[in-house]
Amino acid sequence: ILDRLHDRLAMLTGGARDVPSRQQTIRGAIDWSYELLDEAEQRLFRALGVFSGGWSVDAAESVFPDGHDAVSALESFVDKSLVGETIGPGGESRFAMLETIREYASEKLRASGEYDTGAASHADYYVAFVERFGYSMDEERDFIGLYPILIAEIDNVRRALSWSCDNANRTLALRLLAPMWQVWHWLGRQSEGAQWVSRALRIPGDAPPIVEAHAYRTAANLSLAGADKASNERCRRYYARAARLYREAGYDAGVQGCLSNIGITYANNGELEQAIRYFTHSYRVARAKDNHGASRLAVMNLSDAYFRAGDRARAVACAKKALELAHLSGAQSGVCHALYGYAKTLVDVGRLDEARPIAREAIEALIDPQTGVYMAVPMAHCVLLQARLGALAADHARVGRLLGIVEALAPIAELGFDWGHSEMYGRLVSEARSALGDDVYERECSTGASMPPEDIVAFVLSDA
């Protein structure tokens, strides 16, 4: 059975012979329902086989032939139990099929010769979707509310990417990727995003300059954190190439963003004077353009670089300035990021009483008030900061449980650790294990790792 689960329709091929054929097999049951549809309904049903993981009314309209009312068709399929309806994160209706039924619809779509047309329409729709809701390289957007909307469509984005790559459509694939790179990071799946970018960049040809620039910057972003010297130099080449393409496209904001990114490669190599020069220049360019989001990122990078260079006063001043800039931009996700950075800097310099309420505020700001959903990796970093505070208070049992939560939120290798984070994480594990003993540490860690999302929030905020 396990070997045949990949083909659900073929798995059950025989049933009792004294019942109608539609009751003998899964395929027979779905065939019977399908044949009850008229020709127009069959075509619409087949078209839905291009989706993966559910869809909205707008998405269904994008793959239906012109002139067909998606709402009426979907209501009809719901009434016939071929499609299920739920409420999505934005409060709109979402629809989905049981996977066996979806597989049947997809099979019929391919057999009809309509698959490529449907898949092309599907990919076009999701390019527009990710460009509307996804990460913009140089425009501050509020992802606290957008993240649940993006996650609901992640399987459809994967399907659109697969079709684009299989059909050697470089421009389409790269346009799908750039707005999604942060989503893979937030999910704790940077390696998956990096694999998609690598695959898309191997497609022959050239996309428009700004699309190519976003792609090379995305490739570097997904491999930057924790990179060794050789990887940092490769990332720097990618950023330099992206900057040239941005200049060719006349996109100044992209050039400025690459300056800050190049600074990170120098910081990762310990070349702090070079890093500070790049971050400072990036900040001045962004400030001149009143780009509060880009200014915030440049100043946050300056804060880290100054701390590593031993200038604690400037590190704290920059972290505080970044929070001011985040409030000016008005994006809650930017505010959350800056709160975390400010709290972390205060912990770094030993100002723990000031750090604790700010670290708590960062966690509260991260949670979408409508859905309760939060981004896994940013939450993991916030929880890790709480573990640092717990360790400084010698609350080792709490530290063990918090470290279990971190591991449950995202694989450690996917957290984007850089600038000493990996060493600090390893030190926390070692200290808690040594203080508690292996058995107690493993029990606390396991308890944290098994917590449901809502309990994670309650525990992390307790006694914070």
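Quick note, in the working numbering, the sequence shown goes up one by one and the last residue is 475. Each residue gets a CB set at the ideal place from its N, CA and C atoms; glycine is no exception. Every value quoted in this text rests on a predicted model; they were computed, and no experiment measured them.
Alpha carbon of A398 to alpha carbon of L439, nearest angstrom: 8 angstroms
Take the Cβ of K332 as the centre, count every other Cβ of all protein chains shown within 10 Å, and call the residue buried at 16 or more, exposed below. buried
Within its chain, find whatever has a CB closer than 7 angstroms to the CB of R57; leave out the 5 residues flanking it on each side and keep chain order. A116, K119, L120, S123 and E125
For H338, count neighbouring Cβ atoms within 10 angstroms of its own Cβ and tell me buried if that reaches 16, exposed if not. exposed
Report yes or no: do the segment 339-359 and the segment 304-312 share at least 3 C-beta pairs separated by less than 8 angstroms? yes
Cutting at 7 angstroms between CB atoms, please list the residues of its own chain near A81, excluding the five before and the five after it. V68, A71, E72 and F75
Close-in-space but distant-in-sequence residues of the same chain around A286 (CB under 6 angstroms, 5 per side omitted): G274, Y277, A278 and A316
Taking contact to mean 3 or more Cβ pairs, one atom from each stretch, closer than 8 angstroms, check whether the segment 385-394 and the segment 359-367 are in contact. Segments in contact, no.
With a 10 Å radius around its C-beta and 16 neighbouring C-beta atoms as the bar for buried, classify R143 as buried or exposed. Per the 10 Å Cβ criterion, exposed.
Straight-line Cα distance separating G321 from I165: 42 angstroms
May I ask you to list the residues that DSSP assigns as paired with I182? It should be noted that the sequence gives Thr, not Ile, for residue 182. In DSSP, T182 forms no bridge with anything.
From the DSSP output, read off the bridge partner residues of I98. S104
Under a three-way DSSP split, which group does S441 fall into? helix
Within its chain, find whatever has a CB closer than 7 angstroms to the CB of T356; leave out the 5 residues flanking it on each side and keep chain order. S314, F318, A326, V327 and A330
Use the C-beta contact count for E425: other C-beta atoms within 10 angstroms, 16 or more gives buried, fewer gives exposed. buried
If you follow the alpha helix (DSSP H) that V222 is in, where does it begin and where does it stop? P220 to L235
Residues near W174 in its chain [Cβ-Cβ closer than 6 angstroms; skip 5 each side]: For W174, the CB contacts under 6 angstroms within the same chain, skipping 5 residues up- and downstream, are A130 and A134 in chain order.
Please classify I221: is it buried, with 16 or more other beta-carbons within 10 angstroms of its beta-carbon, or exposed? By the Cβ neighbour-count rule, I221 is buried, with 16 or more other Cβ atoms within 10 Å of its own.
Within the continuous alpha helix (DSSP H) that includes E425, where are the two ends? Run containing E425: none; DSSP gives neither H nor E here.
Among G204, G383, Y257 and E110, which has the Cα closest to the Cα of A231? G204
Report buried or exposed for Y213, applying the criterion of at least 16 other Cβ atoms within 10 angstroms of its Cβ. The question names Tyr, but residue 213 is Arg in the sequence shown. Classification for R213: exposed.
Between A184 and R200, what straight-line distance do the alpha-carbon atoms span, to the nearest angstrom? 18 angstroms
Cβ of G145 within 9 angstroms of Cβ of R181? no
Measuring only the C-alpha atoms, how far is Q206 from L233? 10 angstroms
With a threshold of 16 other CB atoms inside 10 Å of the CB of E418, please say whether the residue is buried or exposed. In summary, E418 is buried, with 16 or more beta-carbon neighbours lying within 10 Å of its beta-carbon over all protein chains present.
If the criterion is Cβ atoms closer than 9 angstroms, does the pair L256 and E223 meet it? yes
Would the segment 401-413 count as touching the segment 367-383 if we require 3 or more Cβ pairs under 8 angstroms? no
I need the DSSP call for Y67, collapsed to helix, strand or coil. One detail in the question is off: residue 67 reads as Ser in this sequence, not Tyr. Strand, per DSSP.
May I ask which residues mark the beginning and end of the alpha helix (DSSP H) holding M386? That residue, M386, is in no alpha helix (DSSP H); it is neither H nor E in DSSP.
Taking C-beta to C-beta, are A342 and R152 nearer than 9 angstroms? Pairing A342 with R152 gives a Cβ-Cβ distance under 9 angstroms.
CA-CA distance, Q35 and T111? Any reading at Q35 must be qualified, since the residue scores a pLDDT of 49, below 50, and its modelled position is unreliable; the value itself is stated next. For Q35 and T111, the distance between alpha carbons rounds to 16 angstroms.
By alpha-carbon positions, which one of M191, V208, I155 and A179 ends up nearest to V168? M191
Between the Cα of V296 and those of Q267, N272 and Y289, spot the shortest distance and give me the residue it belongs to. Q267
G427: buried (16+ other C-beta within 10 angstroms of its C-beta) or exposed? By the neighbour-count criterion, in which 16 or more other beta carbons inside 10 Å mark a residue as buried, G427 falls on the buried side.
Cut-off 6 angstroms between Cβ atoms - residues of its own chain near D359, not counting five sequence neighbours on either side: F318
Of all the options A189, E335 and F62, which has the alpha carbon lying nearest to the alpha carbon of Y136? F62
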